[in-house]
Amino acid sequence: MISIEDLHKSFNGNAVLKGVSLEIPKGEVIALIGGSRQGKSVLLKHVAGLMKPDKGRVLVNGNDIASSRGKYLNALRAKLGFLFQGGALFDSMTVFENVAFPLKEKTRTAKREIRDRVLKELSNVGLSGSEDKFPSQISGGMVKRAALARALVVDPEIMLFDEPTTGLDPLIGLSILKLIDAIHRELGFTGVIVTHEVPRVFDIVDRVAFLKDGTVSAYDEPEKFMASPKPEVKEFLDGSLGRPDPDGPAIFRPCNVEESK
Ligand SMILES: Nc1ncnc2c1ncn2[C@@H]1O[C@H](COP(=O)(O)OP(=O)(O)O)[C@@H](O)[C@H]1O
Ligand SMILES: [Mg+2]
153 MISIEDLHKS
163 FNGNAVLKGV
173 SLEIPKGEVI
183 ALIGGSRQGK
193 SVLLKHVAGL
203 MKPDKGRVLV
213 NGNDIASSRG
223 KYLNALRAKL
233 GFLFQGGALF
243 DSMTVFENVA
253 FPLKEKTRTA
263 KREIRDRVLK
273 ELSNVGLSGS
283 EDKFPSQISG
293 GMVKRAALAR
303 ALVVDPEIML
313 FDEPTTGLDP
323 LIGLSILKLI
333 DAIHRELGFT
343 GVIVTHEVPR
353 VFDIVDRVAF
363 LKDGTVSAYD
373 EPEKFMASPK
383 PEVKEFLDGS
393 LGRPDPDGPA
403 IFRPCNVEES
413 K
C-alpha cells in the first residue's frame with residue numbers, strides 16, 4: 153500500500169533522511185518512533201506529498217506521490233488524512249466549521265451531506281453537542297478529537313498522525329490512542345503514528361519502525377521490537393521505559409492506567 157524506497161532529504165547540507173525504506177501493508181498501522189529531530193515529521197510529510205525527496209520515492213498503491221500532478225495528485229491527496237503535530241484547529245471557526253472544512257475545500261459534497269457527515273464524525277470521536285463551540289472554549293483533549301474528526305471526515309484510506317497525544321494529560325493521551333485504535337478497527341485505514349508514547353502505543357500497532365541517524369534501524373512487530381538485540385534499540389527503550397530490567401531483555405508490557413501516572 154505505502155512503499156517508501158531509499159528516501160533521501162537534506163536541508164542546507166544537513167542530511168536528515170539518508171536512505172529510508174519502509175513497506176506498510178494495506179490496512180496496517182505502524183508506530184514511527186525515534187529521538188527528537190531524527191526526521192519523523194519530515195518522513196511523514198513525504199508520505200503526504202508535502203515535501204519532495206532529493207532521492208528515492210514514496211509509492212501509494214503503486215503511484216509515485218512526488219511525480220503526480222493535477223487530478224492524480226488530488227486523487228491521492230483526497231485519500232489521505234493528516235493529524236498534524238500540534239493538531240491545531242482554526243481558531244476563528246467553530247468545531248463544526250473546522251470539521252466541514254476539508255469537505256468544502258477538497259470535494260464537491262452537497263451542503264446537506266456535509267452536515268450529516270460532520271455530525272457523524274463528531275459523534276464517532278465523542279464530541280456530539282460541541283459543534284457550535286470555538287476551539288478556545290473546549291479542552292486540549294477535545295481539540296485533538298475535533299482535529300481527528302477533521303482528518304477522518306474525508307474517509308481516508310491513509311491516516312498520518314504526528315504526535316497525536318503530545319501536550320495532553322497522560323490519561324487523555326491514552327483515550328486518544330484508544331480512540332485511534334477503535335476508529336482504525338472500524339474504518340481499516342493504513343496508518344502511521346509518530347509518537348513518544350512508548351511502550352503504550354505498542355498495544356495498538358502492527359509494527360514499529362525505529363528511525364535513527366537517517367535510516368530505519370529496526371522494523372518489526374511490537375513484541376519482537378521490544379526483544380531486539382540491537383544496542384541502539386535497547387538504549388532507546390531503556391530511556392523510554394525509564395526503568396531497564398537488569399535481569400533480562402525488556403518484556404512486552406501491556407499499558408494500563410497505573411503505568412501512565
Ligand atoms: N522545512 C525545513 N527546513 C529546514 N530544516 C528542516 C525543515 N523541516 C525539518 N527540518 C530539520 O530536519 C530535522 C528533522 O526534523 P523533524 O522531522 O521535524 O524531526 P522529528 O523527528 O522531531 O519530527 C531537524 O533538524 C529540523 O530542523
Ligand atoms: Mg516531529
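Quick note: the sequence shown uses our numbering, first residue 153, plus one each step. Glycine residues also receive a C-beta, built at the ideal position from the N, C-alpha and C atoms.
Asked	Found
Could you work out which residue in Ala-361, Val-360, Val-346 is closest to Gln-237 when comparing CA atoms only?	Val-346
Using a Cβ-Cβ cutoff of less than 7 Å, which residues in the same chain neighbour Gly-186 once the five nearest sequence positions on both sides are dropped?	Lys-192, Phe-362, Leu-363, Lys-364
Can you determine whether any heavy atom of ligand 1 sits closer than 8 Å to the C-beta of Val-168, and answer yes or no?	yes
Taking 6 Å as the limit between beta carbons, can you name the residues of its chain near Ile-324, skipping five residues before and five after?	Gly-293
Give me every residue whose Cβ sits closer than 7 Å to any heavy atom of ligand 2, in chain order.	Lys-192, Ser-193, Gln-237, Asp-314, Glu-315, Val-346
Quick check on the burial criterion: 16 or more other C-beta atoms within 10 angstroms. Buried or exposed for Asn-215?	exposed
Within this structure, are the beta carbons of Asp-284 and Val-247 separated by less than 9 Å?	yes
Threshold first: 4 residues or longer. Then list the alpha helix (DSSP H) segments lying entirely within the segment 270–342, N to C.	292–304, 322–339
For a test of the three-state rule: what should DSSP assign to Lys-161, helix, strand or coil?	strand
For Ile-266, name the three-state secondary structure that DSSP assigns.	helix
Can the beta-carbon of Val-360 be found less than 9 Å from the beta-carbon of Glu-373?	yes
Count the other CB atoms within 10 Å of the CB of Gln-190; is the residue buried (16 or more) or exposed (fewer)?	buried
On the DSSP bridge assignment, give the partners of Leu-169 in chain order.	Lys-161
What residues match up with Thr-367 in a beta bridge as DSSP calls it?	Lys-364
Buried or exposed, going by whether 16 or more other CB atoms sit within 10 Å of the CB of Asp-314?	buried
Out of Gly-165, Tyr-224, Met-245, which one is the CA nearest neighbour of Asp-206?	Gly-165
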